[in-house]
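Participant:
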Amino acid sequence: MNRIVTLTLALALPVIAGATPFIVKDGEARAEIVLAEDAPRSTRFAARDLQVYVGKMTGAKLAIVPKPSETGLVKLFVGESVGTRALKLSTKGMEHGAYRLISGSDWLAFLGNDTDFVPTEPWAKRNSDRVTGKDQRAWEKASGTPFGVPNGGMYKNRERMPAELAREPDERYWTFDERGSFNAVCGFLKQLGVRWYLPGELGEVVPKHATIALPKLDTIVKPDFPLRQFSVRFGTANDPTTMWMMRLGTRNPYGLMVAHGMHTMTHNEYTLKNHPDWFALYGGKRDTKPGERLNHLCYSNPELFQATVKWARAQFDVYDYTSVSIMPPDAYGSICQCKLCEGKQIDEMGSRGKLSNHVWDFANRVAKEVGKTHPKKKILCCAYGANTNPPTNIDKLEPNVQVMIVGGRRPRNTLPEQREAIAQLQDGWRAKTDNPIMIFENYPNSSRGFYLPAFVSKVQGESINKLKGVSLGEDIWLSMRQDFDTVDIGFNHFQVYFTALAYWDSKAYDPAAELAEYCRLFYGPAGKPMQVFFEYCEPNYQAMEKNKTKVDRALALFDAAKAAVPADSVYAKRLGLIDVFLSTLRSKSKLLGRKRGPVPNMRTVGSWEPKEPIVIDGKLDDQHWERHRNWSVGRLRELQTGAQPVFGTTVMSAWDRSGQNLYFAIRCDERPGEKLNVTSTKREDEAMWYGDCVEIHLETDSHSYYQLAVNPAGALVDIDRGVDRHSWFRWESQAEVATHVADDHWTVEIRIPVTTDENDPLNFVVGRKPSVSLPWHFNVCRQRIREHGAEYSAFSPTGTAGFHAPRKFAQFYAGHSTRFDFDPEYTDYLVAGKAADALLRGRTNKDALAAYVALAALDKSTELQQATALSRAATAARNLKDYAKADALANRISLSAMAKTVRMKTLLAQRKPADLLEQYGKEDFSKWPFPHVSPAAFARAQAHIQTQNGKAAEADLQIAFSLTSDKRLRTSILVNLGHNHETNLKDDAGALAAYRRNFEGKERIGGAEEFRSVQQAARILSRQGKHDDALKTLARIDAVKQTGSWRATTYAIQGDLLTAAGRKQEARVAYQNALAKPGLPKTWHEAIEKKLQ
1118 MNRIVTLTLA LALPVIAGAT PFIVKDGEAR AEIVLAEDAP RSTRFAARDL QVYVGKMTGA
1178 KLAIVPKPSE TGLVKLFVGE SVGTRALKLS TKGMEHGAYR LISGSDWLAF LGNDTDFVPT
1238 EPWAKRNSDR VTGKDQRAWE KASGTPFGVP NGGMYKNRER MPAELAREPD ERYWTFDERG
1298 SFNAVCGFLK QLGVRWYLPG ELGEVVPKHA TIALPKLDTI VKPDFPLRQF SVRFGTANDP
1358 TTMWMMRLGT RNPYGLMVAH GMHTMTHNEY TLKNHPDWFA LYGGKRDTKP GERLNHLCYS
1418 NPELFQATVK WARAQFDVYD YTSVSIMPPD AYGSICQCKL CEGKQIDEMG SRGKLSNHVW
1478 DFANRVAKEV GKTHPKKKIL CCAYGANTNP PTNIDKLEPN VQVMIVGGRR PRNTLPEQRE
1538 AIAQLQDGWR AKTDNPIMIF ENYPNSSRGF YLPAFVSKVQ GESINKLKGV SLGEDIWLSM
1598 RQDFDTVDIG FNHFQVYFTA LAYWDSKAYD PAAELAEYCR LFYGPAGKPM QVFFEYCEPN
1658 YQAMEKNKTK VDRALALFDA AKAAVPADSV YAKRLGLIDV FLSTLRSKSK LLGRKRGPVP
1718 NMRTVGSWEP KEPIVIDGKL DDQHWERHRN WSVGRLRELQ TGAQPVFGTT VMSAWDRSGQ
1778 NLYFAIRCDE RPGEKLNVTS TKREDEAMWY GDCVEIHLET DSHSYYQLAV NPAGALVDID
1838 RGVDRHSWFR WESQAEVATH VADDHWTVEI RIPVTTDEND PLNFVVGRKP SVSLPWHFNV
1898 CRQRIREHGA EYSAFSPTGT AGFHAPRKFA QFYAGHSTRF DFDPEYTDYL VAGKAADALL
1958 RGRTNKDALA AYVALAALDK STELQQATAL SRAATAARNL KDYAKADALA NRISLSAMAK
2018 TVRMKTLLAQ RKPADLLEQY GKEDFSKWPF PHVSPAAFAR AQAHIQTQNG KAAEADLQIA
2078 FSLTSDKRLR TSILVNLGHN HETNLKDDAG ALAAYRRNFE GKERIGGAEE FRSVQQAARI
2138 LSRQGKHDDA LKTLARIDAV KQTGSWRATT YAIQGDLLTA AGRKQEARVA YQNALAKPGL
2198 PKTWHEAIEK KLQ
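In the working numbering, each residue's number is its place in the sequence shown (first place is 1) plus 1117.
(1) Contact defined as beta carbons within less than 8 Å: I believe residue 1312 pairs with residue 1638. What is the distance between those atoms, to the nearest angstrom?
(2) Let me know if residue 1590 comes out buried or exposed under the rule of 16 or more other beta-carbons within 10 Å of its beta-carbon.
(3) Considering Cα atoms alone, identify which of 1519, 2085, 1296, 1332 is closest to residue 1370.
(4) Exposed or buried, which one is residue 2274 when buried takes at least 16 other CB atoms within 10 Å?
(5) By the 10 Å Cβ neighbour count, where 16 or more other Cβ atoms means buried, how is residue 1516 classified, buried or exposed?
(6) Where does the unbroken alpha helix (DSSP H) through residue 1862 begin, and where does it stop?
(7) In this structure, does DSSP put residue 2114 in helix, strand or coil?
(8) Judging by CA-CA distance, which residue of 1160, 2004, 1738, 1944 is the nearest neighbour of residue 1975?
(9) Below 8 Å, can you find three or more Cβ-Cβ pairs linking the stretch 1797 to 1811 to the stretch 1882 to 1894?
(10) Of the residues 1898, 1174, 1190, 1600, which one's Cα is nearest the Cα of residue 1147?
(11) Should the stretch 1894 to 1913 be regarded as contacting the stretch 1685 to 1692, the criterion being three or more beta carbon pairs within less than 8 Å?
(12) Can you check the stretch 2053 to 2112 for any beta strand (DSSP E) of at least 3 residues that lies completely inside it and give the ranges in chain order?
(13) If we call anything under 7 Å between Cβ atoms a contact, is residue 2025 one with residue 2059?
(14) Tell me the residue span of the alpha helix (DSSP H) that contains residue 1978.
(15) Could you check what DSSP says for residue 1351 in three-state terms: helix, strand or coil?
(16) Kindly confirm or deny that the stretch 1330 to 1349 and the stretch 1631 to 1648 touch, where touching means at least three C-beta pairs closer than 8 Å.
(17) Check residue 1403 in the structure and name its three-state DSSP category.
(18) Which same chain residues end up closer than 6 Å to residue 1677 when comparing Cβ atoms and leaving out the 5 residues on each side of it in sequence?
(19) Between which residues of its own chain and residue 1123 is the CB-CB distance below 6 Å, once the five residues before and five after are set aside?
(20) According to the neighbour-count rule (16 or more other Cβ atoms, all chains shown, within 10 Å of its Cβ), is residue 2043 buried or exposed?
(21) So is residue 1507 buried or exposed if we call it buried at 16+ other beta carbons inside 10 Å?
(22) Can you give the Cα-Cα distance for residue 1950 and residue 1758, rounded to whole angstroms?
(23) Does the separation of the CB atoms of residue 1969 and residue 1995 fall below 7 Å?
(24) For residue 1664, count the other beta carbons within 10 Å of its own beta carbon; 16 or more makes it buried, fewer makes it exposed. Which is it?
(25) Which of the three DSSP states, helix, strand or coil, is assigned to residue 1313?
(26) Give the straight-line distance between the Cα atoms of residue 2210 and residue 2189, rounded to the nearest whole angstrom.
(27) Give the secondary structure of residue 1107 by DSSP, where H, G and I count as helix, E and B as strand, and everything else as coil.
(28) Closer than 8 Å by C-beta to residue 1703: which residues in its own chain qualify, once you throw out the five before and the five after it? Chain order, please.
(29) What number of angstroms, rounded off, separates the C-alpha of residue 1812 from the C-alpha of residue 2118?
(30) DSSP on residue 1773, reduced to helix/strand/coil?
(31) What are the boundary residues of the beta strand (DSSP E) that includes residue 1822?
(32) Output needed for residue 1118: all residues of its chain with C-beta closer than 6 Å, excluding positions within five of it in sequence on either side, in chain order.
(33) What residues in its chain sit with their C-beta under 6 Å from that of residue 1433, if we drop five residues either side in the sequence?
(34) Within the same chain, show all residues whose beta-carbon is closer than 7 Å to that of residue 1866, passing over the 5 residues directly before and after it, in chain order.
(35) Give me, in chain order, the residues of the same chain whose beta-carbon lies closer than 7 Å to that of residue 2046; leave out the 5 immediate sequence neighbours on both sides.
(36) Measure the Cβ-Cβ separation of residue 1461 and residue 1503 and say whether it is below 7 Å.
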C-alpha cells in the first residue's frame, strides 16, 4: 500500500479525552453521514457500512443525509457530493481502488473512484440467453464473426441491491463496480480496530468505543496491484461472502479476459462443423467429436491463425477489452499429429515446457498482427500446463503480449527448494517480456478435498511482497461454492484473508506481525497457542501426508489452544471452525498409525519402457505388450475372498521414457459367444456401473485418489475421489482409451497423461513417476454383471464388498524388485484366510477346521466370505471323515448355491452318487449365480460318471469347465472329461483330446492331474497302435526326477507301452525299475510280478 501523507494523527488511539469535535461522544452521535442523492452503488454500500460499524462500536446511530444539516454535527462525506466539491476535494489519480481520507475542522471525507460499471451490449442477461443461443447470435451480428461469444457468463457478475440501498426496482450492483470510497470507509474502520477475518458476524472483530474523536489527516492510500481478483461472482456467491470480499479490498477489473480463450473461440457447432482442419489430429482423427468438454487445436494451421486475429480484434472493437485471451483450451498436453506440427513438441523440455515453444510462438504471432491495429491492447496467454516454462525459440515477446503465470507464486510450496523453483520461473518469464507479469493461482480449497493444515501466512506475505513493482497483480481461483462462508471456512478464510491483506501496504507489509495480530484479536486467550500452531504448520504441513509425528504434534498444539478458551465463548466458536476442518487430519493420523497389510505390487522397469510409441487401439498387439507378457503380468482375484475368479483378468502397465504417460493393458476373459453387458456408450455416464466395466484407481505421491472406469464400448468415466463428492465428476483425466471385443475376451488399452504441475487440479493425474522410495498405490478392478449373478475382482482384493479401499491398494513403482514393509500384526479376512488355507494344504485338517469356523465369525465379514469360510471348513471336516460336521456347516451357509455344493461334495465323499442325483439331479444351473456353478456342476458330473451316465456327465463337465478359470479345477475337469469319454462314452478320440489339453503347450508340468492325463493319453495312443507317440507322450514325465507313486507308476506304464510295442527286453527293465521304487500300489505290484514270470 502506497501512502501519501501530509498530516496524519494516528487512529490507533481514536479516543482522545479532550479532543473536539467528535464523531461519537459518550455513546451520543455527534456526526452525520453525507451521501449524495445520486451516489453510485458502491458509495451507498460504503455509507451503510460506516453507519453500521460505528453503531456496533459505540451504540450510536449516525444519520445518513443527502446534504449537510445546520445542526453543527460533524460531516462525514462518503463519496463525492456537493459538499466535497465545495471543499475542492478531488479524486484525481485514485485508480484501481485507491482512496483518500482527509479531514477539516468539522468534517471527514472518504473519497475514491466509485464508477458504476455499465455493461457493453450485447451480453447475456440470464442463463436462458446462453442456452437458446441468443447471446451468440447477438455477438455474431455485432462482431461480424461466427466464433464463440467471449463474455457468456456476464450475468453471474451482478446481484440485486439491498432494498434499503436501491434507487430503483431491480437495481443491480456489479463485481466490476469501482469501490474507492468503500475502501476508504473500510480503511478508516480498520484503523478503529475493526477486522473482517471471515464472512459473517462470527468473522468480525469490532471493538467497543464510547467516544470516537474526529482525526486530523490527509492520507492517500494506493494498492500495490491493480488486479486483486478472486473468483467470486456476486451473482452466485451469497451476501456474507460478497460483502467480505468487498471489505478485503479486492478488485475484479472489467475487460481482462484470462483463461482458455481459444476454447471460447472454437468450441462451438459452427467451428467444429465447418473447420475440422483447425482441430488437432490424434490417431488419424481430428479432435472434433461433438459433446466433448474440450477439443484441442492445430496451432500450425494458417487459417486458424488468421481467424484468431480477426476474433481478437472483434473483441477489442465491440467490448473495448484491455486484453484478449489467446490461451489453449484446458488440459492441452499433446501436440497435434499432423505434418505441419511435426517436431514442434519438445519432450526434452519436460511436462511443463514441451509445448511452450509451440504455444507461445502462436500467441506471439497473433499479438504482432493484432498490434498493427490495436497497439495499446494486450494479447494474454497463461504460462500453464505443458507451456508453463518460458519458450526457448523466442528471445523477447512482442510488447503487447501479457504473460500470466499459473502457479507463479505458489504460496503452499513452503520448502526452500520449492521457493527457489518459483523464483526461477518468475525470473525466466521476466527476461522474456518488458511488461509486468501477472499471476494466476489455484488455491487449495477444501471442496477439492484438500485437508492438510496449509496455514502459510508467512510465505503468503513474503511471496506477494517480492512481486510488488514487477507484477500487475493476481487472479485467484477458489473453487467457490455457495456455502463457502460455512463449509471448512476455518481453513479457507485464512489464505484469502492474508492474501488480500498483502495486496496493500507496500513492501512494509509484515506477515509475522499480521499473524500475531490476527491470533490475538480473533482467538483471544488462545491467541498465543494458535500462533504457535500456525507457525508449526507452515513449514511442516507438507510432511503430514506421511509423517504421523508431525500430524500429532500439530493436533496437540491445536488442542492446547482449544483448552485455553471457555467452551461457550465466541473464541471457542471460531476455533470450532478450524476444529471441523482438522477432522480429516485426525483420521489421517489414525491411518498413519496403521501400516498397510500385505498387498501385491506391480513394477515397471526402465529397460522395459516402450521402444516405440504404443498405439492406443485396444488390440494389445504392440511390440511392448508382446514382450511384456514374458516379464510381468498381473492377475485379478475375487474381490472379497482372494479366490480365483470365474472369469480371469490380466493387467500390464508401462511408462513412457519421459514419465509423462502411464499405460495400462487389460484383458478380460469371457465365455465364448456370450453377449457382453454394455449399459452405456457415452462419456461420464454413470449407467456404466449397471454393466461390465473395469476400473483403475491411482493414489499418486501427490493425490489420493483418482478413479477411471471403462466399459467394453470404450465409454470412460473419470472421477477425482480426493475431493468433495459434489465435485467428483469435474475432474477429467484426458486419458486416451480404446477397447477391442473378441469372441472369448475383451481388452482395454489406455494412456493416462501424468503431470507434476499441480496448477490444474481439474485435469490430468498429478504426480511424479513412482519409485521404490516413493511408490504410488493403485488397484485395477473388474465387475461382470449378468441376469444371474455378478462377479467382482481386483488386482489387490479389498476383502470388502466394494472396490474403494485405498489402504488395500497395491504398491506401484518403477525400479528393481523390492519387498515393501507391512505390518506383520495386521489381520483381516484375507490374511486369516490365507493362514487357514495353508493349514488345509498341509493336511492339518483339525486346525484348519477350527481356523475356518473362526474366519466365518469375523466381525464385519460379508455373506460371501462367511459362506466361503464355512465351505472350506466343510472340506476339512470331510477330510476328517466327519460328514455330520460337514452337513452341519452346510446348514449354516446362507447362500443357497454354495450350501447345495457343499452337500453334493459331502455325498460324493460318502460314495453316495445316487443320493446326490436324487436330491440335485434336476437343478437348473443356468438359473444359478454363475460364480457358484462350476464346483456344483463338477460334483454332479462326478456322480453321473460313477453311475455310468456318460452323456449327463459330459454336459455337466462342459458347464463346469466353461465357468471357471481356476487352473487346478480345470485340470481336474479335463481328467474327468477324459475318463468319462474313455470309460462311459467309449470314445478314445474324445478322451485323448481332453487329456492332451492338460499338458500340451505347457513347458513344464508337475500337478497330479497333469501326470494322470499324460499317463492316460499314452495308454490310449498305445491302444491305437501309435507306440512311438505313446512313449514320446509318456516321456513328458521325467520318471527319474519324480518321487513316490508317480515315479513307480510311470515306469510301470512305460513297461506296458514297451510290451505293446514288442520291445519286451526294454519293458522288463522298466518293470523292474517300477518294482524297485517305493510308492507302487499293491495291485500294480502284483500285476507286474505276473508279467515278469
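Don't be surprised by glycine CBs; every beta carbon is placed ideally from N, CA and C.
Facilitator: Per the coordinate set shown:
(1) 6 Å
(2) buried
(3) 1296
(4) Residue 2274 lies beyond the range of the chain shown here (1118 to 2210); nothing can be said about it.
(5) exposed
(6) Where residue 1862 is concerned, there is no enclosing alpha helix (DSSP H), although the beta strand (DSSP E) it sits in stretches over 1862 to 1872.
(7) coil
(8) 1944
(9) no
(10) 1190
(11) no
(12) none
(13) yes
(14) Element bounds for residue 1978: n/a, residue is neither H nor E.
(15) coil
(16) no
(17) strand
(18) 1646
(19) Caution is warranted here: a pLDDT of 34 is assigned to residue 1123, below 50, making its placement in the model unreliable, and the coordinate value is therefore given only provisionally. The answer, listed in chain order, is 1335.
(20) exposed
(21) buried
(22) 8 Å
(23) no
(24) exposed
(25) strand
(26) 12 Å
(27) Past the boundaries of the shown model lies residue 1107; the chain is included only from 1118 to 2210, so the question cannot be answered.
(28) 1672
(29) 32 Å
(30) coil
(31) 1821 to 1827
(32) Confidence at residue 1118 is low in this model, with a pLDDT of 48, below 50, so its placement is unreliable and the value that follows should be read with caution. Around residue 1118: 1338, 1621, 1622, 1623.
(33) 1491, 1494
(34) 1733, 1734, 1735, 1737, 1782, 1855
(35) 1905, 1906, 2014
(36) no
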